[in-house]
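Quick notes on the structure that follows.
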Amino acid sequence: MEMIEFLQHTNLRNLKCNVKSMVKDRLRSIHDDLNERRSLLRCNLEYENLRYSEELALFMKNRIEEAARKRVQWFGMQRIQREHNKDKFLQLKALQREMENCEATRHWQSKALLLDTKEAQMHQIKEKEAMRQREKQIEFIWEDVTRRYFEEKAKQDVVETKLIKTIAGINQNINIKNYECQRKNNKVAEQATREQFAKE
Numbered sequence: 004m005e006m007i008e009f010l011q012h013t014n015l016r017n018l019k020c021n022v023k024s025m026v027k028d029r030l031r032s033i034h035d036d037l038n039e040r041r042s043l044l045r046c047n048l049e050y051e052n053l054r055y056s057e058e059l060a061l062f063m064k065n066r067i068e069e070a071a072r073k074r075v076q077w078f079g080m081q082r083i084q085r086e087h088n089k090d091k092f093l094q095l096k097a098l099q100r101e102m103e104n105c106e107a108t109r110h111w112q113s114k115a116l117l118l119d120t121k122e123a124q125m126h127q128i129k130e131k132e133a134m135r136q137r138e139k140q141i142e143f144i145w146e147d148v149t150r151r152y153f154e155e156k157a158k159q160d161v162v163e164t165k166l167i168k169t170i171a172g173i174n175q176n177i178n179i180k181n182y183e184c185q186r187k188n189n190k191v192a193e194q195a196t197r198e199q200f201a202k203e
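Going letter by letter, the sequence shown gives residues 4 to 203 in this note's numbering.
Next comes the structure, spelled out in structure tokens:
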């Protein structure tokens with residue numbers, strides 16, 4: 004009788020050990036799978052972030068190069084315009100020297116000089132305004148790119164936070180299932196022991 008009881012107790016203990024081992028193996032497999040998925044997601048997020056950063060850098064580089072090219076082109080046009088104005092001024096000076104003895108011509112020259120002065124002042128004002136508008140446009144582009152970058156970064160943070168919560172929920176469900184499985188195993192072992200005692 005004692006030998007049978009010992010064997011039955013040994014069988015129950017072996018059964019419990021086997022069940023625990025199977026549960027541990029299953030938990031380890033699930034944990035490894037979650038870690039692998041988490042690593043894969045992290046790699047994907049890092050890759051997307053790197054790709055977005057590269058695209059942003061390329062976009063900003065192209066914008067800066069385009070702005071620099073337009074600036075050089077604009078300065079070139081201004082230089083040509085200044086040279087043209089200089090030639091025109093020299094021509095006017097030569098004409099002035101030829102006609103300086105004429106009172107009517109001097110009067111006309113004074114009016115023309117005043118008009119040229121006003122036109123030059125207006126041209127300078129327009130140049131300054133155009134320069135200010137270009138600087139505002141470049142600043143607006145930079146602010147827009149920066150805003151879109153932080154919006155995309157915020158979206159990535161939300162996705163990562165949701166994933167972390169999902170993984171936490173999965174782990175909690177696994178723990179609950181393991182607890183229920185352990186309770187069932189204990190009940191089975193207890194029932195087997197009671198049945199054995201009842202037979203004796």
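For every residue, glycine included, the Cβ atom is placed at its ideal position computed from N, Cα and C.
Nearest to residue i (by Cα), restricted to the options the options
i    : options                : result
K131 : A70, Q159, W77         : W77
K64  : L117, V26, V148        : V148
I33  : K190, Q175, E183, Q185 : Q175
I141 : N21, R74, T13          : R74
T169 : L116, E49, R40         : R40
H87  : E183, A123, N21        : A123
Straight-line gap, residue i to residue j (C-alpha atoms, nearest Å)
i    : j    : result
D28  : E51  : 34 Å
Q204 : F143 : The chain is shown from 4 up to 203; residue 204 falls before or after that span and cannot be answered.
A71  : R137 : 11 Å
L18  : M25  : 10 Å
Q127 : K89  : 15 Å
M80  : I67  : 20 Å
M125 : L61  : 38 Å
Q99  : E69  : 44 Å
L30  : E57  : 40 Å
I83  : R150 : 39 Å
L118 : A157 : 58 Å
T13  : Q185 : 18 Å
K190 : V161 : 44 Å
L95  : R135 : 32 Å
T120 : K114 : 10 Å
F92  : E146 : 43 Å
K210 : D35  : Missing from the structure shown is residue 210; the chain here goes from 4 to 203 and no further.
A97  : W111 : 15 Å
E101 : K139 : 48 Å
K129 : L116 : 20 Å
K180 : S42  : 25 Å
N21  : K187 : 14 Å
A133 : L48  : 42 Å
Expected contact under 8 Å - CB spacing of residue i and residue j to nearest Å
i    : j   : result
Y152 : L53 : Actually they are not in contact, since the Cβ atoms of Y152 and L53 sit about 13 Å apart, beyond 8 Å.
L166 : L44 : 6 Å
E155 : Y55 : 6 Å
Can you give, in chain order, each stretch of the beta strand (DSSP E) that sits fully within the stretch 46-108 and has at least 3 residues? none
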